[in-house]
Amino acid sequence: MDSYNSMSLNAIEKFIDVLFNQRKSFGALNEAFTLVADDFNIGRVIGDIDDNAKSNELLLLAENRVIYMSDRGFDPKNSISFDFMTISEAGGRTIVSPVPEHKFNDEEKEIIRVLLQLTDIHISRYFALTQIEESAMKQRMTDLPNAAGFMRYVHRKIDNKTISDYDSYYFNLTGFGLISKRYGNKEGDAIMIRYAEQLKSFIKPGEVVGHLGGDNYVALIEKGDRSDKFQELISGITVKAHDADNNTEPIKISCLAGYMHISPSANSDSIISGPGMALAYAKLNKIPFVELTDEIIEQANRTKTVELNFEKALENNEFVVFYQPKVNTVSGDIIGAEALARWYENGRLVSPGGFIPHLERAGKVNKLDLFVLETVCQDIKAWKDKGRKAVPCSVNFSRKDLKNPELPEKIMGIIDQYGISKDEIIIEVTETSSEEEKEMMMRFLNKLKDFGIESSIDDFGTGYSSLSALREYPIGEIKIDRSFINKELNENDEVIIKSVIDMAEKLHIDVITEGVEFVSQKEFLHKLGCDRVQGFLYDQPLPKNKFEERLLKGNYPNVEE
Ligand code: C2E
Ligand code: MG
Ligand code: MG
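Basically the working numbering = 1-based index in the sequence shown + 997.
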């Protein structure tokens, strides 16, 4: 009897060791029972869980899942069972049957009960750990996989080589902030959950939608038809919303989305970052669905490079200002100039197209624009100090600059700092494309006007608010875009340009046309009443020293074809 006891103690100890060392393994139970089964004549162990259990528990224990089975077989007649409760309060039991033709004696029964208590602890602990792990993989509110959970799916699909069956999406809901504001945060959350439910019900096995938090989602959707249908779905999902008086109304939630066709060699990072890049492009260009292309990748990489190198380049004086003369076509006089930024990047001269849009995207263009303004003020001051002639210079400010409410004060500060006259600087901005921008633009231009600084609408005619701009904006100049004169013009075009020029004149707004390359264009403009031009016909944008030479001459002899 004694020897039996020490042997059994030894076996139980091993049993505990196995379960303790493999807390996160359900399979450890099999290993543990294998160690003790022969000693106690155990033929089979099964786990059984009640139907009302949570799904992940059901998966593990439903339908009498076999935990251990002896080579010798088992006899179900003399089984012992042990009831347990899981952490999600589902009831279940483990059932132990002896090997054939054996009946457990009292001592065996007692020991088996101890083993089953230990089994119960192991199962509960296992469920608790998996639940914690699962919850770390899920977005708390919508219960969808979060970034980590989504990436687990991605890695699995890469491992089993099915990843290229899918398109990968990154989408951002449009105006969800406003929805939360309108219905309150609590109902906002409920709306988000209803939205997520509709995504879930679209998904079929193998596909996955993840919620990164906030109003950002990712998805893997089968290529082809399914992907088309998914785009159709997320382009506008209607969900119910309850207002403060508990009235229910349907609201439509749309999104901007980037997506990419996943290639078999795609690495896991690109599954989120690829469509993320396309989404950034979608946001910038206000296009609802954008597929990732090589061009977008190149652009995003260029933005990164520019963003990374900009400040150092500025410090190293790699940015310089070129000047393009503005000319009176009748007298040939230089009546002004436009300052245009250039970047000597690694010794190569880069035009604004290679950095301005990227600086805008990176939120850094303001710094460059102020640098250009300061350089221009410095140059004008130097010209005057040397007793030379100076002309008013236009400086471009990006529409992205307008977000900065202190910008007019900054501009004024720089002009004052160099002690030049306010009418020697003209601030150029392009037309706006949205109501929100229009308001910012109004504030900006009004403040400049209060300070006595003239402003000009650049690329006039390319936006859609041109005529109202003439009427509403306190501007001193419009600059007609070159697209108006570099194409075949029909009579209607002529009438439009002529009336814009006439209207501007009546409103005491100067008109200048840019991009004039041919004498014929100059003459055409003269006929319509515009004698102020800027263009290659006279000069390209010139480096400062060349422009200074031009200024000294001060006049262009009559240019003929
Ligand atoms: P923009 O302000 O409309 O400037 C006129 C552009 O047209 C300049 O291009 C100029 O070189 C070009 N141009 C002038 N005459 C002709 C012509 O006869 N034919 C043709 N084909 N082109 C002509 P650039 O210097 O490449 O600048 C492009 C744009 O970059 C500018 O358009 C402006 O929007 C922006 N930009 C330039 N410098 C700055 C800056 O310092 N700050 C900001 N925010 N934008 C700038
Ligand atoms: Mg300009
Ligand atoms: Mg322009």
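For each residue, glycine too, the CB sits at the ideal point set by N, CA and C.
When C-beta atoms of the region 1204-1224 are compared with those of the region 1283-1299, fewer than three pairs fall below 8 Å, so the two segments do not count as touching. Here the alpha carbon of Ser-1496 sits roughly 15 Å from the alpha carbon of Asn-1487. With fewer than 16 other CB atoms across the displayed protein chains lying within 10 angstroms of its CB, Gly-1551 is exposed. Residue nearest to Lys-1400 within the set Leu-1346, Met-1437 and Tyr-1535 is Met-1437 (criterion: CA-CA distance).
The beta carbons of Lys-1419 and Phe-1448 sit about 7 Å from each other, so the pair counts as a contact at 8 Å. Within the DSSP bridge table, the entry for Leu-1253 names Asn-1169 as partners.
In this model, Asn-1213 and Met-1189 are separated by some 11 Å (Cα to Cα). In this structure, the CA atom of Gly-1024 is about 10 Å from the CA atom of Tyr-1065. Note that the C-beta distance between Ile-1424 and Phe-1394 is below 7 Å. Around the C-beta of Phe-1307, 16 or more other C-beta atoms lie within 10 Å, and the residue is accordingly described as buried. Per DSSP, the beta-bridge partners of Gln-1531 are Glu-1511. Here Trp-1380 is not bridged, per DSSP, to any residue. In this structure the region 1530-1538 lies against the region 1314-1326, because at least three pairs of beta carbons, one per stretch, are closer than 8 Å.
Burial is judged here by how many other beta carbons sit within 10 angstroms of a residue's own beta carbon; Asn-1143 has at least 16 and is buried. For Pro-1349, there is no enclosing alpha helix (DSSP H), as DSSP gives it neither H nor E. Out of Ala-1379, Phe-1368, Ile-1269 and Arg-1385, the CA that lies nearest to the CA of Gly-1410 is found in Phe-1368. By a beta-carbon distance limit of 8 Å, Ala-1359 does not contact Glu-1315. Their separation comes to about 16 Å. Remark: the C-beta of Glu-1335 is outside contact range of ligand 3, defined as less than 6 Å to any heavy atom.
Annotation for Glu-1304 indicates a beta carbon at 6 Å or more from all heavy atoms of ligand 3. Here the region 1108-1128 makes no contact with the region 1229-1239; the two share fewer than three CB pairs at distances below 8 Å.
Residue Val-1033 holds the alpha-carbon nearest to the alpha-carbon of Ile-1108 among Val-1033, Leu-1365, Gly-1329 and Asn-1282. Ligand 2 has a heavy atom closer than 6 Å to the beta-carbon of Asp-1455.
Within its own chain, the residues whose Cβ lies closer than 6 Å to the Cβ of Tyr-1180, once the five positions on either side in sequence are excluded, are Ala-1238, listed in chain order.
Each residue's CA atom was taken as its position, placing Gly-1416 and Asp-1536 some 29 Å apart. Under the DSSP definition of a beta bridge, Asn-1325 partners with Arg-1529. Phe-1319 and Lys-1220 have their alpha carbons spaced roughly 50 Å apart. Contact between Gly-1329 and Pro-1554 holds, since their C-beta atoms are separated by about 6 Å, short of 8 Å.
Residue Trp-1380 holds the alpha-carbon nearest to the alpha-carbon of Phe-1544 among Glu-1474, Arg-1062 and Trp-1380.
Sorting Ser-1232, Ala-1310, Tyr-1167 and Glu-1335 by C-alpha distance to the C-alpha of Ala-1277 places Tyr-1167 at the top. In terms of side-chain proximity, the C-beta atom of Phe-1199 is found no nearer than 6 Å to any non-hydrogen atom of ligand 1. The DSSP assignment places complete alpha helix (DSSP H) segments of no fewer than 4 residues inside the region 1129-1208 at 1144-1156 and 1173-1199, in order along the chain. Taking the Cβ of Glu-1514 as the reference point, every heavy atom of ligand 3 lies at 6 Å or farther away. By the criterion of a C-beta distance shorter than 6 Å, Leu-1196 is surrounded in its chain by Val-1206, once the five residues flanking it on both sides are discounted.
Inclusion of Ala-1297 and Met-1274 in the CB contact set at 7 Å is warranted, their separation being smaller than that value.
In the DSSP assignment, Asn-1393 forms a beta bridge with Glu-1425. Straight-line measurement puts the Cα of Ser-1265 at about 47 Å from the Cα of Asp-1035.
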